[in-house]
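Numbering (the numbering used here), first residue to last: 7 to 496.
Structure representation (structure tokens):
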């Protein structure tokens, strides 16, 4: 009983010290051994920020003995200079390799180029461990690429840091993740994370999570042996982290607008103990100078002038819902369809400024190289697709967002306590020719799932064709979707 009480008392004191250090940020470096963790997530191929990231990494490595670099996934997709490179993703591979990442986990967009490209990226970073703890079996393209966990060994003093990686392929294109078996993490898994992998005897334990903010916060209540969670996926920024049950959570947004800098303070004993921790999301704005060597590499990759070609014009700033309507109309016209649907997540810019629209902008709006397909669908089929997706998003805590944009009709979703229903202006007893992306056709739940007829037209080409004869502007106010808590309409 005495030992148990002493142990619990120690944990309590460490917790209090951790919270105090987190709040005050004041420590005496002569009394502790400090490990610096630099973390990124959801880079989405934004190589323009790498010169500033390199400056931060070099600065800390010049000042501290132990600096480790982690990433929590989604390093691919979002920049035409990377996505459309002759070897898709190669610029990111080179830049991340130069910074020598210690460990990385996989995000849902890291399969966008296909599994061979992901395997090539992993093999191109031979000094980095890619961890996927909740993976059950990997496809042949990723053989010997992923590990359930890794342990980072630091010397002088000897510090062992256990690292888990939690992948999330829920919204990945299922046609690109065949033979990749993984398990969605549940409450019972949170409780067993450390015990299963026997990492609790390390100096510190860290999770690289691509589950999203809501899941990470839930995990913090069940994993007292996890010291730090470096999260991603939901593009949340926590300026100074969050502490729950002695676990520290860090989220640093997306596209390298911020980088995480976490300090772990260890005792100077022969077997160092973690005494305190604190974190911050450091802005990579213009106040951070660009590393000249990295800048030359980035400029080389971004020298393709074809992406600056003007393909259209926006006469005023455009909202995301207007961009959704633009996508739908372009698909409908190119496919000569009756109606068109497009998913909100397939439009990668939140809004668009007024002025010329370049080819680069189109590739940023639609970086996935999806094709247009058509399906023959009844009113019931179309409404089932929309309602199924709404209910799926609601379970994922994203019910406030309209996930399906459309043209050729309008719809309204009523969400009451125990009942969700949809009404639309579609006609009964009529079969519609519906245009959508092949991603929607293959991944959304509706009767014709996976049975679309391909048009051979890329979504981005349909957008460019539409822009040749139309200027983009916001529709009259009455056409803008109204979002309400219990009634969602479009």
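C-beta atoms are modelled at their ideal positions from N, C-alpha and C, and glycine is treated no differently.
| request: Would you kindly report the start and end of the unbroken beta strand (DSSP E) that includes residue 95? | output: The count along the chain shown starts at 1 and reaches residue 95 at position 89. Looking at the DSSP string, residue 95 is not in any beta strand (DSSP E), and its letter there is neither H nor E.
| Pick from 210, 226, 184, 38 that is closest to residue 194, judged by C-alpha positions | Translated into the one-based positions of the chain shown, residue 194 becomes position 188. Ranking the options by Cα distance to residue 194, first place goes to 226.
| message | Quick check: residue 324 and residue 480, are their CB atoms within less than 8 angstroms of each other? | response | Position 318 of the chain shown, counted from the first residue, corresponds to residue 324. Position 474 of the chain shown, counted from the first residue, corresponds to residue 480. Yes, the Cβ-Cβ distance between residue 324 and residue 480 is below 8 angstroms.
| field | Assumed close pair residue 363, residue 320 - CB separation to whole angstroms, cut-off 8 angstroms | value | Mapped onto the chain shown, residue 363 falls at position 357. Mapped onto the chain shown, residue 320 falls at position 314. Their Cβ separation, rounded to whole angstroms, is 6 angstroms, which keeps residue 363 and residue 320 in contact under 8 angstroms.
| said: What does DSSP give as the partner residue(s) for residue 159 in the beta ladder? | reply: Within the chain shown, residue 159 is the residue found at index 153, counting from 1. 166, per the DSSP bridge assignment.
| request: List the endpoints of the continuous beta strand (DSSP E) containing residue 289. | output: As a working note, residue 289 is residue 283 in the chain shown. Where residue 289 is concerned, the enclosing beta strand (DSSP E) stretches over 280-289.
| request: With DSSP collapsed to three states, give me the class of residue 21. | output: The count along the chain shown starts at 1 and reaches residue 21 at position 15. For residue 21, the predicted structure reports a pLDDT of 31, less than 50, and the residue's modelled location is therefore unreliable. A value from the coordinates is still provided. Helix at residue 21.
| What runs of the beta strand (DSSP E), each 3 residues or longer, lie entirely inside the region 248-326? | 248-250, 253-257, 264-272, 280-289, 316-320
| task | Go ahead and pull the three-state DSSP assignment for residue 207. | result | Numbered from 1 along the chain shown, position 201 holds the residue referred to as residue 207. Correct three-state label for residue 207: coil.
| What residues in its chain sit with their C-beta under 7 angstroms from that of residue 32, if we drop five residues either side in the sequence? | Sequence index remark: in the chain shown, residue 32 carries index 26 (1-based). Its pLDDT being 41, under 50, residue 32 is placed unreliably by the model, and the measurement read from it follows with that caveat. Taken in chain order, the list of residues that qualify is empty.
| By DSSP, does residue 383 sit in helix, in strand, or in coil? | Reading the chain shown from its first residue, position 377 is the one you call residue 383. It is a strand residue.
| Ordered along the chain, which non-local residues of its own chain (more than five positions away) have a Cβ less than 7 angstroms from that of residue 182? | Locating residue 182 in the chain shown gives position 176, counting from the first residue. Closer than 7 angstroms at Cβ, skipping near neighbours: 117, 120, 121.
| Three-way DSSP call (helix, strand, coil) for residue 468 in this model | The count along the chain shown starts at 1 and reaches residue 468 at position 462. Helix at residue 468.
| Whether residue 371 touches residue 329 by CB criterion (8 angstroms) | As a working note, residue 371 is residue 365 in the chain shown. As a working note, residue 329 is residue 323 in the chain shown. Cβ distance < 8 angstroms, so residue 371 and residue 329 count as in contact.
| task | Determine the contact status of residue 233 and residue 211, defining contact as a CB-CB distance below 8 angstroms. | result | Within the chain shown, residue 233 is the residue found at index 227, counting from 1. Within the chain shown, residue 211 is the residue found at index 205, counting from 1. Result yes, Cβ atoms of residue 233 and residue 211 sit closer than 8 angstroms.
| query | Cβ atoms of residue 53 and residue 101: under 8 angstroms apart, would you say? | reply | The residue labelled residue 101 in the question sits at position 95 within the chain shown. The residue labelled residue 53 in the question sits at position 47 within the chain shown. Result yes, Cβ atoms of residue 101 and residue 53 sit closer than 8 angstroms.
| request: Run the CB neighbour count on residue 146, radius 10 Å, all protein chains shown included, and call it buried at 16 or more, exposed below. | output: For the purposes of this step, residue 146 is taken as residue 140 along the chain shown, with counting starting at 1. Counting Cβ neighbours within 10 Å, residue 146 comes out exposed, since fewer than 16 surround it.
| query | What is the rounded straight-line gap between the Cα of residue 395 and the Cα of residue 177? | reply | Position 389 of the chain shown, counted from the start, is the residue given in the question as residue 395. Position 171 of the chain shown, counted from the start, is the residue given in the question as residue 177. Going from the Cα of residue 395 to the Cα of residue 177 covers about 12 angstroms.
| Leaving out the 5 sequence neighbours to the left and right, which residues in its chain are closer than 8 angstroms to residue 250 when beta-carbon positions are compared? | For the purposes of this step, residue 250 is identified with residue 244 of the chain shown, where counting begins at 1. Closer than 8 angstroms at the Cβ level, and outside the excluded window around residue 250, lie 223, 226, 227.
| field | Cα-Cα separation between residue 451 and residue 180, rounded to whole angstroms | value | By one-based count along the chain shown, residue 451 stands at place 445. By one-based count along the chain shown, residue 180 stands at place 174. Distance between the alpha carbons of residue 451 and residue 180 is about 12 angstroms.
| Three-way DSSP call (helix, strand, coil) for residue 552 in this model | Residue 552 cannot be examined here, being either before or after the span of the chain that is shown, 7 to 496.
| Using CA coordinates, which residue listed in 39, 128, 189, 244 is at the minimum distance from residue 285? | As a first step, residue 285 must be located in the chain shown, where it is residue number 279. Residue 285 has its Cα closest to that of 244, out of 39, 128, 189, 244.
| Would you say residue 266 and residue 255 are within 8 angstroms of each other, going by their C-beta atoms? | If you number the chain shown from 1, residue 266 lands on position 260. If you number the chain shown from 1, residue 255 lands on position 249. No, they are not a contact pair.
| Given residue 30, which residues of its chain have a CB within under 8 angstroms of its CB, disregarding the five upstream and five downstream residues? | Here residue 30 refers to the residue found at position 24 when the chain shown is read from its first residue. Confidence in residue 30 is poor, its pLDDT being 35 and thus under 50, which makes the residue's placement too unreliable to answer from.
| message | Less than 8 angstroms between the C-beta atoms of residue 124 and residue 172, yes or no? | response | One-based indexing of the chain shown puts residue 124 at position 118. One-based indexing of the chain shown puts residue 172 at position 166. Going by C-beta atoms, residue 124 is not nearer than 8 angstroms to residue 172.
| query | I think residue 115 touches residue 80, with their Cβ atoms under 8 angstroms apart; what is that distance to the nearest whole Å? | reply | As a first step, residue 115 is located in the chain shown; it is residue number 109 there, counting from the start. As a first step, residue 80 is located in the chain shown; it is residue number 74 there, counting from the start. That belief holds up - the Cβ atoms of residue 115 and residue 80 are roughly 5 angstroms apart, short of 8 angstroms.
| For residue 152, three-class secondary structure by DSSP | Counted from its first residue, the chain shown places residue 152 at position 146. Residue 152 falls in the strand class under three-state DSSP.
| Hey, residue 378 and residue 443: beta-carbon distance below 8 angstroms or not? | The sequence position of residue 378 within the chain shown is 372, counting from 1. The sequence position of residue 443 within the chain shown is 437, counting from 1. In contact: residue 378 and residue 443 (Cβ atoms closer than 8 angstroms).
| query | Counting pairs of beta carbons, one from the region 66-75 and one from the region 302-314, are three or more of them closer than 8 angstroms? | reply | no
| request: Let me know if residue 259 comes out buried or exposed under the rule of 16 or more other beta-carbons within 10 Å of its beta-carbon. | output: Here residue 259 refers to the residue found at position 253 when the chain shown is read from its first residue. So residue 259 ends up on the buried side.
| Where residue 86 sits in the DSSP three-state scheme | Here the question's residue 86 lines up with position 80 in the chain shown. Residue 86: helix per DSSP, three-state reduction.
| task | Indicate whether residue 461 and residue 341 have their beta-carbon atoms separated by less than 8 angstroms. | result | Reading the chain shown from its first residue, position 455 is the one you call residue 461. Reading the chain shown from its first residue, position 335 is the one you call residue 341. Yes. Within cutoff.
| task | Counting only the same chain and skipping the five closest in sequence on each side, list residues whose C-beta sits under 8 angstroms from that of residue 470. | result | Numbered from 1 along the chain shown, position 464 holds the residue referred to as residue 470. 317, 318, 365, 368.
| Candidates 189, 107, 240, of which the one nearest residue 48 by Cα | Your numbering for residue 48 matches position 42 in the chain shown. Checking every option, the nearest Cα to that of residue 48 belongs to 240.
| task | Might you give, ordered along the chain, the residues of its own chain that have their beta carbon closer than 7 angstroms to the beta carbon of residue 424, omitting 5 neighbours on each side? | result | Position 418 of the chain shown, counted from the first residue, corresponds to residue 424. Excluding positions up to five away in sequence, the list is empty.
| By the 10 Å Cβ neighbour count, where 16 or more other Cβ atoms means buried, how is residue 302 classified, buried or exposed? | For the purposes of this step, residue 302 is taken as the residue at position 296 of the chain shown. With fewer than 16 other Cβ atoms within 10 Å, it is exposed.
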